[in-house]
Amino acid sequence: MKIFLLGATGYIGGDLLYLLNKTHPEYEITVLVRDQDKAAIIAAEYPRVKIALGDNNSADVIAEEVVKADLIYHAANSADDVSSVQSISHALRKFSTDKSIHYIHTSGTGLLTHDAGPSQPRHGKIYNDITDIDDITSFPSAADHRNVDEIVLDLATAEPERIKTAIVCPAVIYGTGRGLVKRSSLAVPFIAADVLKRGAGIAPEGEWVWGNVHVEDLSRLTLSLMEIAATTNAASSTALWGKDAYYFVEAGESDWADIVRQVVHEAHEAGLIQSEEVKYLNKTDAVEQGGPVYAYFFTNSRSRGSRARELLDWEPVQVGIEGTIREAVMAEASKLGML
Ligand SMILES: NC(=O)c1ccc[n+]([C@@H]2O[C@H](COP(=O)([O-])OP(=O)(O)OC[C@H]3O[C@@H](n4cnc5c(N)ncnc54)[C@H](OP(=O)(O)O)[C@@H]3O)[C@@H](O)[C@H]2O)c1
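Under the working numbering, think of the first position of the sequence shown as 4, with each following residue one higher.
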């Protein structure tokens, strides 16, 4: 199978590339990379992987690679990057061939935060990706990631026999990735760095809940979809691909204040901060003192990934988020030169 992969130098795409090389050295992989130095790192470690130099705006490069591929996988700012997803969509529609082609797109459960309404702690429905699929695929355009999801969902109905799409939509991802360049995620490392720098934690008042999943469990799910794409014929795979193929990826959920407390505890235990102080703030004060990212910790994003469990037999097997807090704290302490 020929795969065109976007995001190889990132956290999600890098972990997947590691797993693909380990489990399927026979797959022919081309990666889109925008930086020569990072391309050299990938070429040195994975000599069989081909490099296409370009970025998400390189419509010609993307089109050329899409036409050659059997499967396109996108995790290069994919949840928000309109340009690259439009280029993929145009190329898939334009270069019609007899063979079916698969597109696995990475979105994110930030999509669900629009439902926070008048925001309330632990408010909000738990969206199930099978029973609530009609709601999930018709949220208002203003919802996070929705403008890009819409392009993929349009593509899903364009020629469903030939172009087979799946949207993989992870909750908060945690754990150290196995990629060659970026190995850390966004949320927990951000909190860890902030706690280490200020010597205390800022936590939202109330319980604000998001789902989460270990990066290795996410890669395993994506790998399953790729293996199915490589082996099944079009007729047998209708439930897995297309307009309803929206896969929430979660292993459970936790509340942000709890994560902040755990970060503070681990940092204190390691002797990196002097006390276990946590300041509980309302949203205005948290954003004022901690910066705009803190607004996210006053939202809920509650998802249930039934589709992967039922159709792919997927279950999370990695350690829960709390089991990775210490390594995240130590990694950020190392980056800050505190060790
Ligand atoms: N991490 C999470 O918790 C999480 C959860 C749910 C959804 N997501 C979504 O998943 C996607 C990937 O996330 P991630 O955590 O893997 O991010 P990441 O570690 O920051 O990786 C981003 C990747 O995209 C590439 N990239 C970004 N902008 C590009 C551009 N204009 N042209 C070409 N390449 C570009 C980066 O290349 P360079 O190395 O050159 O910068 C890198 O390979 C994002 O859309 C994110 O919103 C992430």
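We treat Cβ as the ideally placed atom computed from N, Cα and C, and that holds for glycine.
None of these values were measured; they are calculated from a predicted model.
**Prompt:** Do you know whose CA, among 77, 200 and 223, lies nearest residue 373's CA?
**Reply:** Outside the displayed range of the chain (4 to 342) lies residue 373, so it cannot be described from this structure.
**Message:** Going by the DSSP bridge assignment, what does residue 284 pair with across the sheet?
**Reply:** Residue 284 sits at position 281 when you count from the first residue of the sequence shown. The partner list for residue 284 (beta bridge, DSSP) reads 207.
**Prompt:** Does the Cβ-Cβ distance between residue 229 and residue 74 come in under 9 angstroms?
**Reply:** Indexing the sequence shown from 1 puts residue 229 at position 226. Indexing the sequence shown from 1 puts residue 74 at position 71. Yes.
**Message:** With distance defined between alpha-carbon atoms, name the residue in 138, 140, 12 and 208 nearest to residue 287.
**Reply:** For this step, residue 287 is matched to residue 284 along the sequence shown. When 138, 140, 12 and 208 are compared, the shortest CA-CA separation from residue 287 is found for 208.
**Message:** On the criterion of 16 or more Cβ atoms from any shown chain inside 10 Å, does residue 344 qualify as buried, or is it exposed?
**Reply:** No answer is possible for residue 344: the residues shown for the chain start at 4 and end at 342.
**Prompt:** How many angstroms separate the CA atom of residue 48 from the CA atom of residue 143?
**Reply:** Within the sequence shown, residue 48 is the residue found at index 45, counting from 1. Within the sequence shown, residue 143 is the residue found at index 140, counting from 1. Taking the straight line joining both Cα atoms gives about 43 angstroms.
**Asked** Is DSSP giving residue 120 helix, strand or coil here?
**Response** Reading the sequence shown from its first residue, position 117 is the one you call residue 120. Note that residue 120 scores 49 on pLDDT, short of 50, meaning its location in the model is unreliable; the coordinates nonetheless yield the value given after this. Coil.
**Message:** Shorter than 8 angstroms, the distance from the beta carbon of residue 295 to the closest heavy atom of ligand 1, or not?
**Reply:** The count along the sequence shown starts at 1 and reaches residue 295 at position 292. Not one heavy atom of ligand 1 is found less than 8 angstroms from the C-beta of residue 295.
**Message:** Measuring only from the beta carbon, is residue 87 closer than 8 angstroms to any heavy atom that is part of ligand 1?
**Reply:** Translated into positions along the sequence shown, residue 87 becomes position 84. Yes, the Cβ of residue 87 comes within 8 angstroms of a heavy atom of ligand 1.
**Request:** Evaluate residue 121 with the Cβ neighbour count: other Cβ atoms within 10 Å of its Cβ, from every protein chain shown; 16 or more gives buried, anything less gives exposed.
**Result:** Counting from one through the sequence shown, the residue named residue 121 turns up at place 118. Per-residue confidence for residue 121 stands at a pLDDT of 43, beneath the threshold of 50, marking its modelled position as unreliable; no derived number is given.
**Prompt:** Does at least one heavy atom of ligand 1 sit under 8 angstroms from the Cβ of residue 49?
**Reply:** For the purposes of this step, residue 49 is identified with residue 46 of the sequence shown, where counting begins at 1. Not so, every heavy atom of ligand 1 lies at least 8 angstroms from the Cβ.
**Message:** Distance check for residue 223 and residue 320, CA to CA, integer angstroms please.
**Reply:** Position 317 of the sequence shown, counting from 1, holds the residue named residue 320. Position 220 of the sequence shown, counting from 1, holds the residue named residue 223. If you draw a straight line from the Cα of residue 320 to the Cα of residue 223, it comes to about 10 angstroms.
**Prompt:** So the alpha helix (DSSP H) residue 271 belongs to, where does it begin and stop?
**Reply:** Residue numbering aside, residue 271 sits at position 268 when the sequence shown is read from its first letter. 259 to 272 is the extent of the alpha helix (DSSP H) around residue 271.
**Prompt:** Is it true that the CB of residue 36 sits closer than 9 angstroms to the CB of residue 56?
**Reply:** Within the sequence shown, residue 56 is the residue found at index 53, counting from 1. Within the sequence shown, residue 36 is the residue found at index 33, counting from 1. Result yes, Cβ atoms of residue 56 and residue 36 sit closer than 9 angstroms.
**Message:** Counting C-beta neighbours from all protein chains within 10 Å, is the total for residue 63 16 or more, i.e. buried, or is it exposed?
**Reply:** The count along the sequence shown starts at 1 and reaches residue 63 at position 60. Exposed, by the Cβ-count rule.
**Message:** Here's a check: name, in chain order, each residue in its chain whose Cβ is nearer than 8 angstroms to the Cβ of residue 252, leaving out the five neighbours to either side.
**Reply:** Against the sequence shown, residue 252 aligns to sequence position 249. Answer for residue 252: 171, 172, 173, 174, 216, 220, 221, 224, 308 and 311, listed in chain order.
**Asked** Thinking just about the alpha-carbon of each residue, which of 165, 114 and 81 is nearest to the one in residue 140?
**Response** Walking along the sequence shown from the start, residue 140 turns up at place 137. Taking residue 140 as reference, the option from 165, 114 and 81 with the minimal CA-CA separation is 114.
**Message:** Assuming residue 94 and residue 70 are in contact, meaning their beta carbons sit under 8 angstroms apart, how far apart are those beta carbons, in whole angstroms?
**Reply:** On the sequence shown, position 91 is the one that residue 94 refers to. On the sequence shown, position 67 is the one that residue 70 refers to. Their Cβ separation, rounded to whole angstroms, is 6 angstroms, which keeps residue 94 and residue 70 in contact under 8 angstroms.
**Message:** Within a Cβ cutoff of 7 angstroms, which residues of the same chain sit near residue 194, ignoring the five residues on either side of it in sequence?
**Reply:** Position 191 of the sequence shown holds residue 194. Only 262, 263 and 266 meet the Cβ criterion.
**Message:** Could you compute how far the alpha carbon of residue 303 sits from the alpha carbon of residue 214?
**Reply:** Looking up residue 303 in the sequence shown gives position 300. Looking up residue 214 in the sequence shown gives position 211. Between residue 303 and residue 214, the C-alpha separation is close to 9 angstroms.
**Prompt:** Roughly how many angstroms lie between the CA atoms of residue 326 and residue 177, to the nearest whole one?
**Reply:** For the purposes of this step, residue 326 is taken as residue 323 along the sequence shown, with counting starting at 1. For the purposes of this step, residue 177 is taken as residue 174 along the sequence shown, with counting starting at 1. Taking the straight line from one Cα to the other gives about 10 angstroms.
**Message:** At 4 residues or longer, what runs of the alpha helix (DSSP H) sit wholly inside the segment 71 to 111?
**Reply:** 85 to 97
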